[in-house]
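Numbering (this note's numbering), first residue to last: 244 to 667.
Note that CB positions come from ideal geometry on N, CA and C, so glycine has one too.
Here's the structure we're looking at; comments come further down.
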Amino acid sequence: MLQVSAIREDVEKVIQGLKKRNIKDVESLITSVLSIDDQRKLTQKNLDDDKAKVNANSKLIGESLKKGDVQGADKLKDSIGTLKTLISSAESNLLRFETELKELLYKIPNVPDEKVPSGFGADDNQVVFTTDLLPTLPEGALPHWDLIKKYDIIDFDLGTKIAGAGFPVYKGKGAKLQRAMINFFLQEAENAGYREIQPPIVVNEASGYGTGQLPDKEGQMYHATADNLYLIPTAEVPITNLYRDVILTDEDLPVKNAGYTPCFRREAGSWGAHVRGLNRLHQFDKVEVVQIHKPENSYAALEEMCNHVESLLRKLELPYRKLLLCSGDMGFTSAMTYDFEVYSAAQQRWLEVSSVSNFETFQANRLKLRHKSKEGKMQLLHTLNGSALALPRIVAAILENNQTAEGIVIPKALLPYLNFEMIN
RNA sequence: GGAGAGGUGGGUGAGUGGCUUAAACCAAUAGUUUGCUAAACUGUCGUACGGGUUAAACUGUACCGGGGGUUCGAAUCCCCCCCUCUCCGCCA
């Protein structure tokens, strides 16, 4: 959520930025935000003044009664009666302005950073880097959904039996590969300076609002209604919410947390032709990295996080590309996002495996995550997060790209975490 | 699941309708004193939204788990909800 004070600071910049998002009538949207806020302020001023009078008179009543001046007290009581009607109508106006303002602000996405290219969709994303040589597979190469059956390592039918479609069962070397990759990603994160966190995989309502899954994306989360808990769609939710209503000082910064969790997504309405096999699941595993920085450092951190993700992909010897997302393809809350995609040779498609974003103050504003300087000055912090990495599509790419006549060759980087070198 | 006790600032903790401008202590922080350290003493020390100012100073309102209510006036009284702890039950 944008701050009104930040909009006021540079209205033109906000308008230009939001125009890049292809929102129509940005000017009138911002104008109404500012005018509602003006009305809110005016209402509050009058309300506070009236309340001050009531407080003062109440004190006088107390003093009069102590002196035994009942008549004086009654007179004062009458004057308060008039103020009270003013107050109650001002209160309902204030509430109305606040609600209207909040509803407008909830609908406004984050302002893209200046470096974000303009565009409308995936085709306008800027390719920042691509692996030179894409692998070509031998005759008879199989897509991963056939390979997992051939080697009996991931079973969708069994998952369907015990849970439903999109909940795979990993078996034997398939299960061990999952475990190895989680350990590999966590170890690499630790080496990169992250503290490991193991959070709950359900969160309460307040946490859902904190990172913005609620109220918009309620339908995308599994909801345990008996206890009003939500299954997390990503570790971003619990790990970022650790810092909800928190004030950090210089000594606490930067924050670098990493955590592995399963992730649950209902993916309502998004099943189609390209979501076979591991490409889209209701439950999958992911290691997430989260950083919190002072504003002046957040873009350097974004680059650092990207480097970390790239190093993982290189160690896994996967062909990949890095995209700077255009304004039209970026998430609602992000100011700048890089996507990483691995090349799936048998499908001849790029698969998104990581998304690294700087949210600037957009999340921090809802979270009330702030920094207090030595001088006592308060400011919102910048939050960043990224996948490092999501497993299923990495598994798909490894299976497809590394298939040989003898079996599937495990990348060297994973060998310390496994007791086999080949799936056969 | 049953019964009971609680929820007050960074922490401990006082406060049963106006004496509170939320005491006191601890922690933190700045200073004084001191050969150094320690101690002592003095000051500062919440957040949000406003007004005010070039910026400050200054100033209004709200906040004692959350939401309502009673009252001229609520941390305090009433109602609903949430959470924590203890004991019992069940249990990986």
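Cβ-Cβ distance between residue i and residue j below 8 angstroms
i	j	result
V276	L344	yes
R636	V596	yes
N300	E603	no
L657	A423	yes
Y394	I651	yes
R564	E546	no
A469	E531	no
A633	H551	no
I258	V269	yes
I396	G415	yes
E553	A588	no
I279	I250	no
S307	A295	no
Boundaries (first-last residue) of the alpha helix (DSSP H) holding residue i
i	result
C549	541 to 558
L290	269 to 310
L338	313 to 350
L568	From DSSP, L568 is part of no alpha helix (DSSP H); its letter is neither H nor E.
K263	254 to 263
Closest residue to residue i among the options (Cα-Cα distance)
i	options	result
D528	L385, E461, I425	I425
E510	Y437, G409, L661	G409
D495	Q534, K320, A633, H387	Q534
N368	Y581, V638, N336	Y581
Y503	E357, I482, Q646	I482
R283	M621, L337, L485, I490	L337
F428	N662, N644, N645, S630	S630
Nonlocal neighbours in the same chain, by C-beta distance under 8 angstroms from residue i, ignoring five residues either side
i	result
L649	Before going on, a small fix: residue 649 reads as Glu here, not Leu. Answer for E649: M665, N667, listed in chain order.
R613	V489, I490, L491, A607, M621, Q622, L623, L624
Q456	Q463, M464, Y473, P476, V480
Nonlocal neighbours in the same chain, by C-beta distance under 6 angstroms from residue i, ignoring five residues either side
i	result
N265	G571
Q590	P386
F363	G571
Y473	V446, G451, M464, H466
N540	none
C549	Y581, V599
M579	D356, V359, N601
Endpoints, the beta strand (DSSP E) within which residue i is located
i	result
S673	Look at the range of the chain in this structure, 244 to 667, and you will see that residue 673 is not part of it.
Y586	579 to 587
N628	625 to 633
Q646	Careful: Q646 lies outside any beta strand (DSSP E) and carries neither H nor E.
Q369	369 to 373
K615	613 to 615
Close beta carbons around residue i, own chain, < 7 angstroms, minus the five adjacent residues each side
i	result
T286	A333, N336, L337, F340
Y349	M244
L290	I330, A333, E334, L337
**Prompt:** Hey, which unbroken runs of the beta strand (DSSP E) at 3 residues or more fall wholly within the region 461 to 525?
**Reply:** Runs found: 472 to 474, 498 to 507.
**Prompt:** Taking the runs of the alpha helix (DSSP H) that are 4 residues or longer, which of them lie wholly in the region 390 to 470?
**Reply:** 399 to 405, 416 to 434, 448 to 453
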